[in-house]
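In what follows, a structure is listed as C-alpha coordinates, so that the remarks can point back to it.
In UniProt numbering, the protein residues as written are 1 to 356.
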(Lines of atoms letter the chains of each structure in order from A; the text may use other names.)
(Lines give C-alpha, C1' and ligand atoms only; values in the text may rest on other atoms or scores of the structure.)
Protein backbone atom coordinates (compact mmCIF):
# COMPACT_ATOMS: atom_id res chain seq x y z
CA UNK A 1 0.00 0.00 0.00
CA UNK A 2 2.58 2.58 1.15
CA UNK A 3 -0.36 4.82 2.00
CA UNK A 4 -1.40 7.26 4.72
CA UNK A 5 -5.06 7.15 5.70
CA UNK A 6 -6.52 10.16 7.49
CA UNK A 7 -9.79 9.21 9.14
CA UNK A 8 -12.21 11.67 10.74
CA UNK A 9 -13.97 10.55 13.90
CA UNK A 10 -16.78 12.52 15.57
CA UNK A 11 -16.42 12.36 19.35
CA UNK A 12 -19.47 12.48 21.62
CA UNK A 13 -17.86 12.87 25.07
CA UNK A 14 -14.84 15.06 25.73
CA UNK A 15 -11.77 14.30 27.79
CA UNK A 16 -8.05 14.90 28.19
CA UNK A 17 -6.50 11.67 26.94
CA UNK A 18 -7.13 9.40 23.94
CA UNK A 19 -6.09 6.11 22.41
CA UNK A 20 -7.08 4.27 19.24
CA UNK A 21 -7.95 0.68 18.41
CA UNK A 22 -6.61 -0.73 15.13
CA UNK A 23 -8.37 -3.74 13.63
CA UNK A 24 -7.12 -6.67 11.59
CA UNK A 25 -10.09 -8.81 12.61
CA UNK A 26 -10.99 -9.73 9.04
CA UNK A 27 -7.49 -9.74 7.61
CA UNK A 28 -5.96 -12.89 6.14
CA UNK A 29 -2.41 -11.60 6.56
CA UNK A 30 -0.61 -9.75 9.35
CA UNK A 31 -1.19 -6.00 9.23
CA UNK A 32 1.67 -3.58 9.90
CA UNK A 33 0.91 0.01 10.86
CA UNK A 34 4.17 1.82 10.23
CA UNK A 35 3.26 5.10 11.96
CA UNK A 36 0.21 6.70 13.51
CA UNK A 37 -0.86 10.07 14.86
CA UNK A 38 -3.95 11.80 16.20
CA UNK A 39 -4.96 15.46 16.22
CA UNK A 40 -7.96 17.71 16.33
CA UNK A 41 -9.41 18.03 12.86
CA UNK A 42 -9.10 21.41 11.12
CA UNK A 43 -11.68 20.51 8.48
CA UNK A 44 -11.40 18.40 5.35
CA UNK A 45 -8.03 16.59 5.37
CA UNK A 46 -6.30 19.27 7.49
CA UNK A 47 -5.24 18.85 11.12
CA UNK A 48 -4.52 21.27 13.93
CA UNK A 49 -0.79 20.60 14.04
CA UNK A 50 -0.47 22.22 17.48
CA UNK A 51 -2.62 19.42 18.87
CA UNK A 52 -1.00 16.57 16.92
CA UNK A 53 0.33 13.64 18.93
CA UNK A 54 2.40 10.70 17.72
CA UNK A 55 0.86 7.39 18.69
CA UNK A 56 2.82 4.40 19.91
CA UNK A 57 1.93 0.79 20.62
CA UNK A 58 3.55 -0.61 23.76
CA UNK A 59 6.13 2.13 23.36
CA UNK A 60 6.89 1.35 19.72
CA UNK A 61 6.23 3.59 16.74
CA UNK A 62 4.88 0.71 14.65
CA UNK A 63 2.80 -2.38 15.32
CA UNK A 64 2.13 -5.64 13.52
CA UNK A 65 -1.34 -7.06 14.13
CA UNK A 66 -1.94 -10.77 13.47
CA UNK A 67 -4.98 -11.86 11.44
CA UNK A 68 -8.12 -11.73 13.56
CA UNK A 69 -6.61 -9.45 16.19
CA UNK A 70 -6.77 -5.86 17.45
CA UNK A 71 -4.06 -3.49 18.63
CA UNK A 72 -4.61 -0.71 21.17
CA UNK A 73 -2.34 2.32 21.16
CA UNK A 74 -0.76 3.86 24.23
CA UNK A 75 -2.84 6.79 25.54
CA UNK A 76 -1.65 10.32 24.78
CA UNK A 77 -2.63 13.61 26.33
CA UNK A 78 -4.98 15.53 24.07
CA UNK A 79 -7.75 17.87 25.13
CA UNK A 80 -10.86 16.77 23.25
CA UNK A 81 -14.02 18.89 23.43
CA UNK A 82 -17.34 17.07 23.40
CA UNK A 83 -18.97 16.76 19.95
CA UNK A 84 -15.70 17.57 18.18
CA UNK A 85 -13.85 15.88 15.31
CA UNK A 86 -10.53 14.10 15.61
CA UNK A 87 -8.29 13.06 12.73
CA UNK A 88 -6.49 9.74 13.03
CA UNK A 89 -3.64 9.22 10.55
CA UNK A 90 -2.37 5.70 9.85
CA UNK A 91 0.57 4.85 7.60
CA UNK A 92 0.23 1.40 6.05
CA UNK A 93 3.47 0.34 4.32
CA UNK A 94 3.58 -1.96 1.31
CA UNK A 95 2.65 -5.49 2.42
CA UNK A 96 0.56 -8.50 1.40
CA UNK A 97 -3.12 -7.72 1.99
CA UNK A 98 -5.69 -10.13 0.68
CA UNK A 99 -8.53 -8.75 2.78
CA UNK A 100 -9.03 -5.46 4.64
CA UNK A 101 -10.86 -4.82 7.91
CA UNK A 102 -13.05 -1.84 7.08
CA UNK A 103 -16.27 -0.07 8.02
CA UNK A 104 -17.95 0.69 4.71
CA UNK A 105 -20.63 3.30 4.07
CA UNK A 106 -19.37 5.60 6.80
CA UNK A 107 -21.24 8.72 5.63
CA UNK A 108 -17.97 10.46 6.45
CA UNK A 109 -15.34 11.75 4.04
CA UNK A 110 -11.89 10.38 4.84
CA UNK A 111 -8.64 10.63 2.91
CA UNK A 112 -5.72 8.60 1.60
CA UNK A 113 -2.43 9.64 -0.01
CA UNK A 114 0.90 8.06 -0.92
CA UNK A 115 3.78 7.80 1.52
CA UNK A 116 4.26 8.25 5.25
CA UNK A 117 2.83 11.71 5.84
CA UNK A 118 0.94 11.16 9.10
CA UNK A 119 2.37 14.39 10.57
CA UNK A 120 1.61 16.65 7.60
CA UNK A 121 -0.97 19.38 8.07
CA UNK A 122 -2.77 18.33 4.89
CA UNK A 123 -2.51 15.33 2.58
CA UNK A 124 -1.56 16.77 -0.79
CA UNK A 125 -3.42 15.19 -3.71
CA UNK A 126 -5.43 13.10 -1.30
CA UNK A 127 -8.05 10.72 -2.63
CA UNK A 128 -11.41 10.85 -0.87
CA UNK A 129 -12.85 7.65 0.58
CA UNK A 130 -16.10 7.08 2.41
CA UNK A 131 -15.17 4.32 4.81
CA UNK A 132 -13.04 3.77 7.93
CA UNK A 133 -10.29 1.25 7.05
CA UNK A 134 -8.33 -0.43 9.86
CA UNK A 135 -9.68 1.89 12.58
CA UNK A 136 -11.98 0.14 15.07
CA UNK A 137 -12.47 3.09 17.38
CA UNK A 138 -11.16 5.93 19.51
CA UNK A 139 -11.31 5.83 23.31
CA UNK A 140 -11.52 9.15 25.15
CA UNK A 141 -10.50 8.95 28.79
CA UNK A 142 -13.13 10.87 30.72
CA UNK A 143 -14.01 11.18 34.40
CA UNK A 144 -14.96 8.28 36.66
CA UNK A 145 -18.55 9.53 36.53
CA UNK A 146 -18.79 8.96 32.79
CA UNK A 147 -20.41 5.99 31.06
CA UNK A 148 -21.28 4.85 27.55
CA UNK A 149 -24.46 4.08 25.64
CA UNK A 150 -23.99 1.61 22.78
CA UNK A 151 -26.40 1.94 19.87
CA UNK A 152 -26.42 -1.47 18.22
CA UNK A 153 -28.02 -2.16 14.89
CA UNK A 154 -27.93 -2.10 11.11
CA UNK A 155 -27.82 0.63 8.46
CA UNK A 156 -30.56 2.63 10.17
CA UNK A 157 -28.25 3.03 13.18
CA UNK A 158 -25.22 3.42 10.90
CA UNK A 159 -27.00 6.43 9.37
CA UNK A 160 -27.60 5.32 5.79
CA UNK A 161 -29.22 8.08 3.70
CA UNK A 162 -28.25 10.80 6.17
CA UNK A 163 -26.24 13.77 4.91
CA UNK A 164 -22.56 12.91 4.59
CA UNK A 165 -20.17 14.64 7.02
CA UNK A 166 -23.07 16.25 8.91
CA UNK A 167 -23.38 13.76 11.81
CA UNK A 168 -27.16 13.56 11.56
CA UNK A 169 -27.59 9.87 12.38
CA UNK A 170 -30.06 9.21 15.21
CA UNK A 171 -27.21 8.33 17.62
CA UNK A 172 -25.63 11.72 16.77
CA UNK A 173 -28.92 13.45 17.59
CA UNK A 174 -29.01 11.58 20.90
CA UNK A 175 -25.40 12.53 21.69
CA UNK A 176 -26.11 16.23 21.17
CA UNK A 177 -29.16 16.06 23.42
CA UNK A 178 -27.17 14.29 26.15
CA UNK A 179 -24.46 16.95 26.03
CA UNK A 180 -27.04 19.75 26.22
CA UNK A 181 -28.45 18.42 29.51
CA UNK A 182 -26.17 18.64 32.55
CA UNK A 183 -27.86 15.58 34.04
CA UNK A 184 -26.62 13.41 31.14
CA UNK A 185 -23.57 15.28 29.87
CA UNK A 186 -21.28 12.57 31.28
CA UNK A 187 -22.64 9.98 28.83
CA UNK A 188 -21.05 9.07 25.52
CA UNK A 189 -22.71 7.39 22.55
CA UNK A 190 -20.93 4.57 20.71
CA UNK A 191 -22.42 3.83 17.29
CA UNK A 192 -22.14 0.11 16.52
CA UNK A 193 -24.41 0.04 13.49
CA UNK A 194 -23.39 -1.96 10.41
CA UNK A 195 -25.25 -1.55 7.14
CA UNK A 196 -26.92 -4.81 6.07
CA UNK A 197 -26.39 -6.49 9.44
CA UNK A 198 -28.77 -9.16 10.71
CA UNK A 199 -29.50 -10.69 14.12
CA UNK A 200 -29.34 -14.37 13.23
CA UNK A 201 -27.20 -14.72 10.10
CA UNK A 202 -23.96 -13.25 8.83
CA UNK A 203 -24.52 -10.86 5.94
CA UNK A 204 -22.65 -7.58 6.00
CA UNK A 205 -20.37 -8.36 8.89
CA UNK A 206 -20.95 -11.09 11.45
CA UNK A 207 -24.46 -11.45 12.82
CA UNK A 208 -25.49 -9.41 15.85
CA UNK A 209 -25.22 -12.53 17.99
CA UNK A 210 -21.70 -13.23 16.72
CA UNK A 211 -20.34 -9.69 17.05
CA UNK A 212 -21.97 -8.81 20.37
CA UNK A 213 -18.95 -9.44 22.59
CA UNK A 214 -16.66 -7.47 20.28
CA UNK A 215 -18.94 -4.50 19.65
CA UNK A 216 -20.74 -4.19 22.97
CA UNK A 217 -19.27 -6.13 25.87
CA UNK A 218 -15.63 -5.27 25.11
CA UNK A 219 -16.28 -1.53 24.91
CA UNK A 220 -15.06 0.70 27.71
CA UNK A 221 -17.55 1.89 30.32
CA UNK A 222 -20.78 0.59 28.78
CA UNK A 223 -23.81 1.01 31.03
CA UNK A 224 -26.68 1.22 28.52
CA UNK A 225 -27.55 -0.55 25.28
CA UNK A 226 -30.13 0.35 22.63
CA UNK A 227 -30.88 -2.45 20.16
CA UNK A 228 -32.48 -1.65 16.80
CA UNK A 229 -32.10 -4.72 14.61
CA UNK A 230 -34.09 -7.40 12.76
CA UNK A 231 -35.39 -5.59 9.67
CA UNK A 232 -32.78 -7.19 7.37
CA UNK A 233 -33.54 -10.65 8.77
CA UNK A 234 -37.20 -10.03 7.93
CA UNK A 235 -36.60 -8.41 4.57
CA UNK A 236 -34.40 -11.15 3.17
CA UNK A 237 -36.46 -13.98 4.67
CA UNK A 238 -39.77 -12.76 3.25
CA UNK A 239 -38.70 -11.04 0.04
CA UNK A 240 -41.14 -11.75 -2.78
CA UNK A 241 -38.30 -11.96 -5.31
CA UNK A 242 -35.46 -13.86 -3.62
CA UNK A 243 -36.22 -15.11 -0.09
CA UNK A 244 -33.45 -16.83 1.85
CA UNK A 245 -32.48 -17.66 5.44
CA UNK A 246 -36.12 -17.84 6.48
CA UNK A 247 -36.76 -16.89 10.11
CA UNK A 248 -39.88 -16.56 12.22
CA UNK A 249 -40.86 -13.86 14.69
CA UNK A 250 -40.12 -16.34 17.48
CA UNK A 251 -36.62 -16.91 16.07
CA UNK A 252 -35.92 -13.18 16.11
CA UNK A 253 -37.39 -12.72 19.57
CA UNK A 254 -35.18 -15.53 20.84
CA UNK A 255 -32.13 -13.87 19.29
CA UNK A 256 -32.95 -10.46 20.74
CA UNK A 257 -33.59 -12.09 24.12
CA UNK A 258 -30.14 -13.62 24.02
CA UNK A 259 -28.57 -10.22 23.40
CA UNK A 260 -30.44 -8.79 26.38
CA UNK A 261 -29.46 -11.70 28.61
CA UNK A 262 -25.79 -11.41 27.70
CA UNK A 263 -25.82 -7.66 28.34
CA UNK A 264 -27.58 -8.10 31.68
CA UNK A 265 -24.86 -10.47 32.89
CA UNK A 266 -22.48 -7.53 32.53
CA UNK A 267 -24.74 -5.11 34.39
CA UNK A 268 -25.85 -3.28 31.24
CA UNK A 269 -29.39 -1.90 30.97
CA UNK A 270 -31.01 -2.86 27.69
CA UNK A 271 -33.60 -0.88 25.76
CA UNK A 272 -35.26 -2.31 22.68
CA UNK A 273 -36.15 0.02 19.83
CA UNK A 274 -39.18 -0.82 17.72
CA UNK A 275 -38.48 -1.55 14.06
CA UNK A 276 -39.28 1.36 11.77
CA UNK A 277 -41.69 0.93 8.83
CA UNK A 278 -40.54 -0.84 5.69
CA UNK A 279 -43.52 -1.43 3.41
CA UNK A 280 -42.57 -0.25 -0.06
CA UNK A 281 -38.92 -1.23 0.35
CA UNK A 282 -37.52 -3.57 -2.31
CA UNK A 283 -37.65 -6.59 -0.02
CA UNK A 284 -40.91 -5.80 1.79
CA UNK A 285 -43.92 -8.12 1.78
CA UNK A 286 -47.19 -8.60 3.67
CA UNK A 287 -45.80 -11.72 5.35
CA UNK A 288 -42.69 -9.86 6.45
CA UNK A 289 -44.83 -7.01 7.76
CA UNK A 290 -46.64 -9.44 10.08
CA UNK A 291 -43.29 -10.57 11.49
CA UNK A 292 -42.16 -6.96 11.96
CA UNK A 293 -45.34 -6.17 13.85
CA UNK A 294 -44.95 -9.28 16.04
CA UNK A 295 -41.36 -8.35 16.94
CA UNK A 296 -42.45 -4.81 17.78
CA UNK A 297 -45.26 -6.09 19.97
CA UNK A 298 -42.75 -8.18 21.91
CA UNK A 299 -40.39 -5.22 22.30
CA UNK A 300 -43.23 -3.11 23.72
CA UNK A 301 -44.48 -5.72 26.19
CA UNK A 302 -41.63 -8.00 27.27
CA UNK A 303 -40.08 -7.90 30.73
CA UNK A 304 -36.81 -9.22 29.31
CA UNK A 305 -35.87 -5.64 28.36
CA UNK A 306 -35.45 -2.72 30.73
CA UNK A 307 -37.68 -0.58 28.56
CA UNK A 308 -38.32 0.35 24.96
CA UNK A 309 -38.00 3.29 22.58
CA UNK A 310 -40.81 3.56 20.06
CA UNK A 311 -39.08 4.56 16.84
CA UNK A 312 -41.92 3.10 14.79
CA UNK A 313 -44.45 5.40 16.44
CA UNK A 314 -42.57 8.58 15.57
CA UNK A 315 -41.77 7.64 11.97
CA UNK A 316 -44.90 5.84 10.72
CA UNK A 317 -47.69 7.28 8.63
CA UNK A 318 -50.72 7.56 10.91
CA UNK A 319 -53.03 6.83 7.95
CA UNK A 320 -50.89 3.88 6.75
CA UNK A 321 -48.82 2.60 9.72
CA UNK A 322 -46.75 0.01 7.77
CA UNK A 323 -45.20 2.90 5.78
CA UNK A 324 -43.07 5.90 6.70
CA UNK A 325 -44.69 9.29 7.17
CA UNK A 326 -43.65 12.09 4.85
CA UNK A 327 -42.02 13.75 7.86
CA UNK A 328 -39.57 10.83 8.14
CA UNK A 329 -38.02 11.87 4.83
CA UNK A 330 -37.42 8.36 3.47
CA UNK A 331 -36.44 8.07 -0.18
CA UNK A 332 -36.38 4.27 -0.36
CA UNK A 333 -39.11 3.21 2.11
CA UNK A 334 -36.48 1.54 4.30
CA UNK A 335 -34.18 4.22 5.68
CA UNK A 336 -35.30 7.51 7.22
CA UNK A 337 -33.80 10.73 5.93
CA UNK A 338 -32.25 13.44 8.09
CA UNK A 339 -35.67 14.54 9.33
CA UNK A 340 -36.60 10.98 10.30
CA UNK A 341 -33.35 10.42 12.15
CA UNK A 342 -34.02 13.63 14.06
CA UNK A 343 -37.49 12.40 14.99
CA UNK A 344 -35.94 9.20 16.28
CA UNK A 345 -33.15 10.84 18.27
CA UNK A 346 -35.50 13.43 19.72
CA UNK A 347 -38.02 10.79 20.81
CA UNK A 348 -35.65 9.10 23.26
CA UNK A 349 -36.52 9.87 26.88
CA UNK A 350 -33.27 10.95 28.56
CA UNK A 351 -34.67 9.75 31.88
CA UNK A 352 -33.81 6.24 30.66
CA UNK A 353 -30.20 7.13 31.41
CA UNK A 354 -30.72 8.88 34.73
CA UNK A 355 -29.05 6.14 36.70
CA UNK A 356 -25.50 7.41 36.07
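We put the CB at the ideal spot given by N, CA and C, even for glycine.
Check whether the Cβ atoms of residue 254 and residue 290 lie closer than 9 Å to each other. no
With DSSP as the reference, label residue 353 as helix, strand or coil. helix
Assuming residue 135 is part of the beta strand (DSSP E), what are its boundary residues? 135-141
Supposed close pair residue 55, residue 30 - CB separation, criterion 8 Å: That belief does not hold up - the Cβ atoms of residue 55 and residue 30 are roughly 19 Å apart, past 8 Å.
So the beta strand (DSSP E) residue 127 belongs to, where does it begin and stop? 127-129
Go through its chain and collect everything with a Cβ distance to residue 45's Cβ below 6 Å, but skip five positions before and after it. 6, 111, 122, 123, 126
The beta strand (DSSP E) with residue 117 in it runs from where to where? Looking at the DSSP string, residue 117 is not in any beta strand (DSSP E), and its letter there is neither H nor E.
Quick one: what does DSSP say residue 104 is sitting in, helix, strand or coil? coil
Determine the burial state of residue 343: buried for a count of at least 16 other Cβ atoms within 10 Å of its Cβ, exposed for fewer. buried
May I ask you to verify whether the region 130-145 touches the region 175-183, counting CB pairs closer than 8 Å and requiring at least 3? no
Check residue 53 in the structure and name its three-state DSSP category. strand
Should residue 281 be labelled buried (16 or more other beta-carbon atoms within 10 Å of its own) or exposed? buried
Suppose contacts are defined by Cβ-Cβ distances below 9 Å. Is residue 336 in contact with residue 302 by that definition? no
Taking only the alpha-carbon atoms, compute the straight-line gap between residue 345 and residue 28 and give it to the nearest angstrom. 38 Å
Within a Cβ cutoff of 6 Å, which residues of the same chain sit near residue 17, ignoring the five residues on either side of it in sequence? 75, 77, 141
Own chain residues within Cβ distance below 6 Å of residue 64, not counting five before or after: 30, 32
Counting only runs of 4+ residues fully inside the region 222-247, write out the alpha helix (DSSP H) ranges in chain order. 231-237
When the Cα atoms are used, what is the spatial distance from residue 304 to residue 269? 11 Å
Could you please give the first and the last residue of the uninterrupted beta strand (DSSP E) stretch that includes residue 25? First-last for residue 25: undefined, no H or E at that position.
Helix, strand or coil for residue 273? Go by DSSP, reduced to three states. strand
Check whether the region 218-230 touches the region 260-277, counting contact only when three or more Cβ pairs, one atom from each stretch, lie closer than 8 Å. yes
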